[in-house]
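Numbering that gives the first Met the number 0 numbers the first residue of the sequence shown as 0 and each following residue consecutively.
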Amino acid sequence: MITGDASYIKKMNRSLILKEILKEGMLSRADVSKATALTRATVSGQVADLLDEELVVEKEIEYNLVGRKPIMLSVNAEAGYAIGIDLEFDQISFAISNLQGSLVQSETMKLQATSYPDILSLLIAQIKHYQEGFAASRYGIIGIVIAIHGLVSTDEVIHYIPSFDWHDVPLKNDLEKALGLEVKLENNANLSAFAERVFFHHETDDLLSVTLYSGIGMGMMINHSFFRGQDGFAGEIGHMIVVPGGQPCNCGNKGCWEKYASETSVFQILRANKPEAEITYEQIERWIKDKDPEVTSVMEQFMYYLSIGLNNIINIYNPEVVVLDSELLRIYPDSLRAIESNLNSRVSHYREIKLSTIGKKSCSLGACAIAIQNFLQVPVLNLPYKG
Ligand SMILES: [Zn+2]
């Protein structure tokens, strides 16, 4: 049907235009037309609609040149706000971003209890508080996305959160019923991978992000979508066995990767070896600077086991970009070079390994970015990173 086709094309053009404006932050109508290969008339018509909806705003740029001042378009940052929530094992972090993905508010609450009813009512109260706080904006809260450090099934039921001992919990349904708003649940490693792609690796189709804190999680973006596996549980890479018969793990196996290459494993070794000291990142950094032989050897072993797992992952995925998120790797001088020098296989290929710039915030910023992408219906979201 012609009308169906026309409205489909209109929708496609609209998302193309929004995508380019979001990516650059600010563009003139002529720039939009060049970037999208749409005619000036099409761009003008669509922009008129977006201005009506208050999703886009115009701004005259002051140049010291003679002639007309170009009118620039940007996404109306204050038209609505996204809530990204990171449900960690001992705390909940809330991030509120504007429609350009910039953080406008953040809050962290230490968790006293881990029971489902307690955390559910805490989440409801806090989200309602934000709903009221941002109600004056044109669209208010445009989406809520929650990072789950555990298994989320493809129908967004929490299958298992080890640290809370939650099994098959309907958090999405319960929140939606209480709030009257759509809520999305996503695995934390996926959200970190999404943030890395959206804020830094714009042209990347295949990105793996490996977070190395309490355990090891891997988020996989392939052709701009998550790779989830049949039930949604793919990426539990921390339980890949790297030392047969090695240290016992909570999962029931022995020798899992995260027993050797997570930051928790490093902290545990240092706590055992240096019982007199308080083990903090600052203290580890001082030891590394002073070339403490024990700490250097623990760090080298950490990077050695990290490299073994990375070698396996790279052989499976042949990724374009691998992003590693670890504070210890950021502290250690030339850590990437040390890791890459361990990756000697002639058959494994990747384009680059990078350290995450976003760090632990990647989870909640990725959550906000998903909410923005869904609200604006942009199939591929690219945003400038503003910290
Ligand atoms: Zn395990």
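Built from N, CA and C at the ideal position, the CB exists for glycine as well. Owing to the predicted nature of the structure, the values given are computational and were not obtained by experimental measurement.
May I have the straight-line CA-CA distance separating Leu86 from Thr35, to the nearest angstrom? 38 Å
Review point. Asn187 and Ala233: beta carbons closer than 8 Å?
Key: no
Exercise. Kindly give me the distance between the Cβ atoms of Tyr280 and Glu351, rounded to whole angstroms, as I take these residues to be in contact under 8 Å.
Key: Not quite, the Cβ-Cβ distance comes to about 25 Å (not below 8 Å), so this is no contact.
**Prompt:** With respect to 7 Å, is the separation between the Cβ of Asn252 and the closest non-hydrogen atom of ligand 1 below this value?
**Reply:** yes
Original post:
From Gly24 to Ser32, what does the alpha carbon distance come to, in whole angstroms?
Top reply: Distance between the alpha carbons of Gly24 and Ser32 is about 15 Å.
- Task: Determine the DSSP secondary structure at Thr46, reduced to helix, strand or coil.
- Result: The question names Thr, but residue 46 is Val in the sequence shown. If DSSP states are grouped into helix, strand and coil, Val46 belongs with the helices.
(request) Report the three-state DSSP secondary structure of Tyr159 (helix, strand or coil). (result) strand
Q: Report yes if the C-beta distance between Gly100 and Ile371 is below 8 Å; otherwise report no.
A: Cβ distance < 8 Å, so Gly100 and Ile371 count as in contact.
Just list the residues that DSSP pairs Gly218 with in beta bridges. Ser208
**Study point:** Cβ separation of Gly228 and Trp256, assumed to be a contact under 8 Å, to the nearest whole Å
**Key:** Contact doesn't hold; Cβ gap of about 18 Å is too wide.
Boundaries (first-last residue) of the alpha helix (DSSP H) holding Ala368:
361-375
*What is the DSSP secondary structure of Ser6, reduced to helix, strand or coil?*
helix
Is there contact between the stretch 113-131 and the stretch 54-61, where contact requires at least three CB pairs shorter than 8 Å? The count of Cβ pairs closer than 8 Å, one atom from the stretch 113-131 and one from the stretch 54-61, stays below three, leaving the stretches out of contact.
- Through-space distance from Tyr80 to Val55, alpha-carbon basis: 14 Å
Segment contact flag, the stretch 326-340 with the stretch 216-227, C-beta cutoff 8 Å, min 3 pairs: no
> Hey, would you say the C-beta of His238 is under 7 Å away from at least one heavy atom of ligand 1?
Replying inline: At least one heavy atom of ligand 1 is nearer than 7 Å to the Cβ of His238, so yes.
Query - DSSP beta-bridge partners of Phe93 - result: According to DSSP, Phe93 bridges with Ile84, Glu106.
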